[in-house]
Amino acid sequence: MEHIHLETKDLTYTYPYGTKDLKKVNIQIKKGEKIAIMGPNGAGKSTLFSHFNGLTEPTSGHVEIDGEKIIFERDELLKVRQKVGIVFQDPNDQLFAPTVKEDVAFGPMNLGLDYEEVEKRITESLEMVGMSGFEEKTPHHLSGGQQKRVAIAGIIAMRPDIMILDEPTAGLDPEGVDKVLDILNNLNEDGISIVISSHDIEMVNQFADKIFVLYNGEIIAQGDKHQIFSDKELLKKAHLKAPVTTEILYKLKENGLNVDTEKLSIEETVEEILKVKKIN
Ligand SMILES: Nc1ncnc2c1ncn2[C@@H]1O[C@H](COP(=O)(O)OP(=O)(O)OP(=O)(O)O)[C@@H](O)[C@H]1O
Ligand SMILES: [Mg+2]
678 MEHIHLETKD LTYTYPYGTK DLKKVNIQIK KGEKIAIMGP NGAGKSTLFS
728 HFNGLTEPTS GHVEIDGEKI IFERDELLKV RQKVGIVFQD PNDQLFAPTV
778 KEDVAFGPMN LGLDYEEVEK RITESLEMVG MSGFEEKTPH HLSGGQQKRV
828 AIAGIIAMRP DIMILDEPTA GLDPEGVDKV LDILNNLNED GISIVISSHD
878 IEMVNQFADK IFVLYNGEII AQGDKHQIFS DKELLKKAHL KAPVTTEILY
928 KLKENGLNVD TEKLSIEETV EEILKVKKIN
């Protein structure tokens, strides 16, 4: 049987005095998957993520990690937070210590690890994100992209089974985006399930195995990249656009070329274009 890592069951959340911000959200994330949650501003992505490690308690419904319901008691929540690591949308919400090193040390120290192990994890995780040498710097004096990488290092140092990253590439330069994707792919190869939110369709096209579309607090679609990217109405509703490769293949098809519109990467798209013939 497939191992379900994280599951929400009829998860509903209403901000105090607010409208319903999450409405009966049911999603399943299997071990080793790379998931993207997409949806317009205000759809509820960050609110949903804050439920994944028990930072927010649902108004109704619940979240299960490895088949166990999150219980809102101190010891239980510590266990959940060891399994599920969250990198927030804004590094300022995450980084608070006077130095990078202390920031990354905070999580492992809270796990009660000894000094040597904490040191080892700091070195390893800063190396993974390419931030070795920044140990004594003040997080708030780093650039946005560097802060993001330190925030990721802080979570890696906890060695979670599932990593949740809210807009991990927003505001990064193209090389920064590739670096973060490399980090996430490396973690995934080590067996860590990865869940990201993003509006960046080209990045999601490169990265994700599966996409959930959240709109107005509801999951309105889920599927593989092709299922989502080929649904024009869905994309429009969710304020998204298909990747440029998909747009090109559909345009070629409209113009009478017998191309397979399911190709997604640039390489596959070029190959497809080179081998097609006119239908008529
Ligand atoms: N602390 C809060 N109190 C009340 N309402 C809130 C709070 N935080 C968010 N909301 C509301 O909840 C809804 C979902 O917000 P959320 O931040 O989860 O959206 P999002 O999908 O992450 O958007 P974005 O793409 O802009 O990051 C919005 O309508 C927002 O105004
Ligand atoms: Mg958000």
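Each residue of the sequence shown is one higher than the last, beginning at 678 in this note's numbering. Virtual Cβ for every residue (Gly too), placed ideally from N, Cα, C.
Q) Counting by C-beta, which residues lie closer than 6 Å to a heavy atom of ligand 1, in chain order? A) Tyr-692, Gly-695, Asp-698, Gly-716, Asn-718, Gly-719, Ala-720, Gly-721, Lys-722, Ser-723, Thr-724, Gln-766
Q: Closer than 6 Å by C-beta to Gly-822: which residues in its own chain qualify, once you throw out the five before and the five after it? Chain order, please.
A: Leu-849, Gly-853
Q. Is any heavy atom in ligand 2 found nearer than 7 Å to the beta carbon of Asp-877?
A. no
**Q.** Reference Gly-868, options Met-880, Thr-846, Asp-838, closest by Cα
**A.** Asp-838
Q.
For a test of the three-state rule: what should DSSP assign to Asn-957, helix, strand or coil?
A. At Asn-957 the pLDDT is 49, less than 50, meaning the model places this residue with poor confidence; the figure from the coordinates comes in the next sentence. Looking at Asn-957 - three-state DSSP - the assignment turns out to be coil, as it is neither helix nor strand.
Q.
Counting C-beta neighbours from all protein chains within 10 Å, is the total for His-682 16 or more, i.e. buried, or is it exposed?
A. buried
Q.
Just verifying my parser: in three-state terms, what is the DSSP assignment at Thr-696?
A. coil
Q: Leaving aside the five residues before and after Asp-886 along the sequence, list all residues of the same chain whose C-beta is less than 6 Å from its C-beta, in chain order.
A: Glu-710, Lys-711
(Q) According to DSSP, Phe-889 sits in a beta bridge with which residue or residues? (A) Ile-714, Gln-899
Q.
For the beta strand (DSSP E) containing Ser-874, name the first residue and the last one.
A. 870 to 874
Q: Can you check DSSP and say which residues form a bridge with Glu-684?
A: Gln-705, Glu-741
(Q) For ligand 2, is there any heavy atom lying closer than 7 Å to the beta carbon of Asp-843? (A) yes
Q | Sequence ranges, alpha helix (DSSP H) only - wholly within the stretch 770 to 839, length at least 4 | A | 777 to 787, 792 to 805, 821 to 833
Q: Would you identify the three-state DSSP class for Asp-877, choosing helix, strand or coil?
A: coil
Q. What's the gap between the Cα of Lys-697 and the Cα of Lys-902?
A. 28 Å
Q. Between Gln-899 and the rest of its own chain, which residues show a CB-CB distance below 6 Å, the 5 nearest in sequence each way excluded?
A. Phe-889
Q. With distances taken between CB atoms, is the gap from Tyr-694 to Thr-724 smaller than 8 Å?
A. no
Q. Does DSSP classify Lys-760 as helix, strand or coil?
A. helix
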